[in-house]
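Just so we're on the same page, the working numbering is the position in the sequence shown counted from 1, plus 113.
Here's the structure we're looking at; comments come further down.
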Amino acid sequence: MSAEVAERIRATLCSAFPVERIEVGDDSALHAGHAGARDGGGHYRLTLVSAAFEGHGTVARHRMIYQALGGMMKKDIHALAIHAFSATEAAKHSTP
114 MSAEVAERIR ATLCSAFPVE RIEVGDDSAL HAGHAGARDG GGHYRLTLVS AAFEGHGTVA
174 RHRMIYQALG GMMKKDIHAL AIHAFSATEA AKHSTP
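Shown next as structure tokens:
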């Protein structure tokens, strides 16, 4: 089920934002036995690069992502480690 949730995260965010790069990782196995894991919510990590983040700080970007994921944050996702970058930031840090 975790791989299915990771794909739903990817698809949902690709529909919500103009995505330049997205990586969704499933870290649920690292948290086996954790209270949130027992309730069915998984642990995921996300790297998302989008022009939609231009001019927004970290907290605003996280809120945008949480809003896009909606009810998944209450049921399918127990924890989400977010690395959200604007397209400009990503271009500055990319190496040829």
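All C-beta atoms in this analysis are idealised placements derived from N, C-alpha and C, irrespective of residue type, glycine included.
Given the structure is predicted, the values throughout are model-derived calculations rather than measurements.
Can you look up residue i in the DSSP assignment and give me helix, strand or coil?
| i | result |
| --- | --- |
| A203 | helix |
| G149 | Its pLDDT being 49, under 50, G149 is placed unreliably by the model, and the measurement read from it follows with that caveat. Correct three-state label for G149: helix. |
Under the assumption that residue i contacts residue j (Cβ atoms under 8 Å), give the Cβ distance between them as a whole number of angstroms.
| i | j | result |
| --- | --- | --- |
| A165 | F130 | 5 Å |
| R121 | M186 | Rounded, the Cβ-Cβ distance is 12 Å, inconsistent with contact. |
CB residue i to CB residue j, shorter than 8 Å?
| i | j | result |
| --- | --- | --- |
| Y157 | A119 | yes |
| E133 | V172 | no |
| G155 | D139 | yes |
CB of residue i to nearest heavy atom of the ligand ZN: below 7 Å?
| i | result |
| --- | --- |
| G154 | Among the ligands in the structure shown, none appear at all, so the ligand ZN cannot be discussed. |
Within a Cβ cutoff of 7 Å, which residues of the same chain sit near residue i, ignoring the five residues on either side of it in sequence?
| i | result |
| --- | --- |
| I195 | L159, H175, I178 |
| T201 | E167 |
Could you pull the start and end residues of the alpha helix (DSSP H) that residue i belongs to?
| i | result |
| --- | --- |
| E117 | 115-129 |
| H156 | Careful: H156 lies outside any alpha helix (DSSP H), inside the beta strand (DSSP E) at 155-163. |
| A181 | 171-182 |
Say whether chain C places a C-beta atom closer than 8 Å to the C-beta of residue i.
| i | result |
| --- | --- |
| H169 | Structure shown: chain C not included; a single protein chain is present. |
Identify, in the order they occur along the chain, each residue of the same chain with its Cβ nearer than 8 Å to the Cβ of residue i, setting aside the five sequence neighbours on each side.
| i | result |
| --- | --- |
| S141 | S115, A150, G155, H156, Y157 |
| R123 | I135, V137 |
I need the boundaries of the beta strand (DSSP E) containing residue i, first residue and last residue.
| i | result |
| --- | --- |
| G168 | Here G168 belongs to no beta strand (DSSP E), and DSSP marks it neither H nor E. |
| A197 | 190-198 |
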